[in-house]
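Visitor: In numbering that gives the first Met the number 0, the protein residues as written are 0 to 570.
The beta-carbon is built from N, C-alpha and C at its ideal position, and this holds for glycine as well.
Okay, here's the structure, questions in a sec.
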Amino acid sequence: MTERWALAATESGGAHLVPLDGAGLPAAPAVTEPDLAEAVRGRPGVTRWVWRSTAEIYPRLLAAGVPVARCYDVEAAESLLLGHEGRLGEPRSAAAAHARLTRAPVPPDPAPRQAVPGSQSSLFEPRSGTELPFDALLQVYADQLARHDATARPDRMRLLTASESAGMLVAAEMNRSGLPWRADVHRDVLQDLLGERYAGGGEPRRLAELADEVSAAFGHRVRPDLPAEVVRAFGRAGIKVKSTRRWELEELDHPAVRPLIQYKKLYRIWTAHGWSWLQDWVRDGRFRPEYQPGGTVSGRWTTNGGGALQIPKVIRRAVVADEGWRLVVADADQMEPRVLAAISRDRGLMEVAGHDGDLYTALSDRAFHGDRDHAKIALLGAVYGQTSGDGLKNLAALRRRFPLAVAYVDDAAKAGEEGRLVRTWLGRTSPPAAGSGDDGEAGIPQEGDDGLTGDGSGSSADGGFTPGYASSDARARGRFTRNFVVQGSAADWALLLLAALRHSLTAAGLRAELVFFQHDEVIVHCPLEEAETVVEAIRAAGELAGRTAFGETPVRFPFTTAVVQRYSDAK
């Protein structure tokens, strides 16, 4: 039995296939078969499939009832390797990789495809400009194996690529399974919150009423959905505001504040998860977003349409398990501080994180005289760079008790300020500083040394730094890289969690399905009688992911888990 086979789809629905040796080279002549799914189904002994893009191949296999255990996604690997080489942002398609390999003109990546609401058909569409002959794909794969070997920590980089590829499989499977969704419950929630809809698609009754209250408070007509108009209205009332953000409004003493805040809250629900969203995205009792593993450069996931990772709690009432089934909702407890303990190898913080209880309480008992709030502010301040005022005082206390942990993020910040690259524990790499060439990189730890490895991300959720933006404030990039090394390594752990959980559910022969994932939370939909088995599987997967990512450390990765009928009952 050959462990790895390369696979490419043909235009006629068939497949090119070839077994591979340890160097990624063909171990036998390639063959062509007329049916893609049957080609895979007929080779149950293959343990890893190598293909250009999971999004291109795997939905077709799932539609034919042919799941696979493992894959190697060439385009996901190319993106990771480009980042490691300080070239993040260059075209990542297999066609681009082959062009670089052969010194041919490099084609640009195709424009991002828009997801088709309520349909999987768009997943099957080939992306123009990324087609590649089968032998060229094999050349790219062999070259990628060599590039993995050339990285600073090949073992970690290979693990990162394997886990990213596993995440691609999970994403496709979650899209096919879908998140259970009760459209009737969703409509009832919207009716309760927003009131009746008016003909012509205008604002529903409750929003119209709140808009009238806002206008009455100002004494003239004001559209609360237009921030600039609201700012001007406050200015006419003698109140200077910079924005209409909630935290700024709450500090104002004006009768328009209460209805304005309520309007903003309901307006977002109406526009992001209202009746139009329900009609577009929910079909046959399921919400099927298109997940994008590694959608941000820190490794956090995004979605292509549907807003799956921003479902308001009130709307979660509509996420209801099927009859006789349950939702197992699991949140990782204080994931990022535990990850910092593991990657910094700070003995004191590892001991604090070596228990299932509340980490901040344990931390406060060690260094903050039992003041949990100060302990939490200090640790999160170290990770996110909030180190002024009281934060600076709390950080000093943290540094005295946990010097290696604080030094780890301090070193990451310094590297970012100097324009150097940092990496996650497994090797995902931050974007280069704007306008830089080869900036060098922060020190990669050797065994027993454990210096800096870090990652970076390009969305505001990942630290507020946009790669490629020529910021005049180097400290902004330092805050970004400070957070990147922790948040990105947490994303590394989460990928391994998903891979381990997926494997254990399958190996146990359960009917349970992974149906949702965001950052530190997973949801499994399962028959009631499987719920306790799933709870244990999640716990075991978290611990296995910790050992696989970070080695044998005292750090624990516990979950708060709830077995519920509806998602909203879990919080």
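Just to confirm, are Leu571 and Glu74 a CB contact at a threshold of 7 Å?
Guide: For the chain, the structure presents residues 0 to 570; residue 571 sits outside this window and is missing.
Visitor: Let me know the alpha helix (DSSP H) ranges lying completely inside the stretch 57-122, each 4 residues or longer, listed in chain order.
Guide: Secondary structure in the stretch 57-122: the alpha helix (DSSP H) runs of 4 residues or longer, each lying completely within the stretch, are 73-83 and 93-101 in chain order.
Visitor: Please go through the same chain and pick out, in chain order, the residues whose beta-carbon is closer than 6 Å to the beta-carbon of Thr560, but skip the five residues on each side of it.
Guide: Ala329 and Val534
Visitor: Quick one: give me the first and last residue of the alpha helix (DSSP H) that Pro153 is part of.
Guide: Pro153 to Ser176
Visitor: Of the choices Ala93, Leu308, Ala68 and Ile376, whose alpha-carbon is the least far from that of Trp4?
Guide: Selected option, being the one with the closest Cα: Ala68.
Visitor: Spatial neighbours of Asp224 within its chain, please: CB distance less than 7 Å, with the 5 preceding and 5 following residues excluded, ordered by chain position.
Guide: Tyr266
Visitor: Determine the DSSP secondary structure at Ser470, reduced to helix, strand or coil.
Guide: Unreliable placement is indicated for Ser470, whose pLDDT of 47 sits below 50; no coordinate value is reported for it.
Visitor: Which first and last residues belong to the alpha helix (DSSP H) in which Gln185 is found?
Guide: Per the sequence shown, residue 185 should be read as His rather than Gln. Its alpha helix (DSSP H) spans residues Ala182 to Leu193.
Visitor: For Val554, which three-state DSSP category applies?
Guide: coil
Visitor: Mind the definition here: the stretch 306-319 touches the stretch 150-159 only if three or more C-beta pairs lie below 8 Å; say whether that holds.
Guide: no
Visitor: Where does Thr270 land, buried or exposed, given buried means 16+ other C-beta within 10 angstroms?
Guide: exposed
Visitor: Going by DSSP, what residues sit across from Phe515 in a beta bridge?
Guide: Ile522
Visitor: Is the stretch 236-243 touching the stretch 191-200 in the sense that three or more CB pairs, one from each, lie closer than 8 Å?
Guide: no
Visitor: Taking the alpha-carbon positions, what's the Arg99 to Glu531 distance?
Guide: 51 Å
Visitor: By the DSSP assignment, the alpha helix (DSSP H) with Asp410 in it spans what residues?
Guide: Its alpha helix (DSSP H) spans residues Pro402 to Glu416.
Visitor: Measuring alpha carbon to alpha carbon, tell me which of Gly21, Phe516, Val485 and Ala548 ends up nearest Arg47.
Guide: Gly21
Visitor: If contacts are defined as beta-carbon pairs under 8 Å, then Val30 and Leu19 qualify, I think. What distance do you get, rounded to the angstrom?
Guide: The pair is not a contact, with the Cβ atoms about 13 Å apart (cut-off 8 Å).
Visitor: Using the beta-carbon count (16 or more within 10 Å), is Pro336 buried or exposed?
Guide: buried
Visitor: For Thr101, count neighbouring Cβ atoms within 10 angstroms of its own Cβ and tell me buried if that reaches 16, exposed if not.
Guide: exposed
Visitor: In the DSSP output, which residue or residues are listed as bridge partners for Phe653?
Guide: Any question about residue 653 goes unanswered here, given that the chain covers just 0 to 570.
Visitor: Taking the beta carbon of Thr505 as the centre, do at least 16 other beta carbons fall within 10 Å, making it buried, or is it exposed?
Guide: exposed
Visitor: At what residue ranges does the stretch 204-234 contain a whole run of the alpha helix (DSSP H), taking only runs of 4 or more?
Guide: Counting only runs of 4 or more, we get 204-217.
Visitor: Classify Ser275: buried if its beta carbon has 16 or more other beta carbons within 10 angstroms, exposed otherwise.
Guide: Burial call: exposed.
Visitor: Mapping the DSSP letters down to three states, classify His15 as helix, strand or coil.
Guide: strand
Visitor: With a threshold of 16 other CB atoms inside 10 Å of the CB of Gly298, please say whether the residue is buried or exposed.
Guide: By the beta-carbon neighbour count (other beta carbons within 10 angstroms, threshold 16), Gly298 is buried.
Visitor: Whole angstroms are fine: how far does the CA of Arg231 sit from the CA of Thr295?
Guide: C-alpha separation (whole angstroms): 36 Å.
Visitor: Within its chain, find whatever has a CB closer than 6 Å to the CB of Ala340; leave out the 5 residues flanking it on each side and keep chain order.
Guide: Within the same chain, Ala340 has close Cβ partners Leu348, Met349, Ala352 and Val554.
Visitor: Three-state secondary structure (DSSP) at Ala329?
Guide: Looking at Ala329 - three-state DSSP - the assignment turns out to be strand.
Visitor: Just to confirm, is the Cβ distance from Ala36 to Val65 under 7 Å?
Guide: Taking C-beta atoms as the reference points, Ala36 and Val65 count as a pair closer than 7 Å.
Visitor: What would DSSP say about Gly541, mapped onto helix, strand or coil?
Guide: helix
Visitor: Grab me the residues of Ala569's own chain with a C-beta within less than 6 Å of its C-beta, minus the 5 sequence neighbours each way, in chain order.
Guide: Val328, Ala561 and Val563
Visitor: Exposed or buried, Pro132, counting other C-beta atoms within 10 Å across all chains shown (16 or more means buried)?
Guide: exposed
Visitor: Would you give the residue range spanned by the alpha helix (DSSP H) that Trp246 belongs to?
Guide: Arg245 to Leu248
Visitor: Just to confirm, are Gly545 and Phe479 a CB contact at a threshold of 7 Å?
Guide: no
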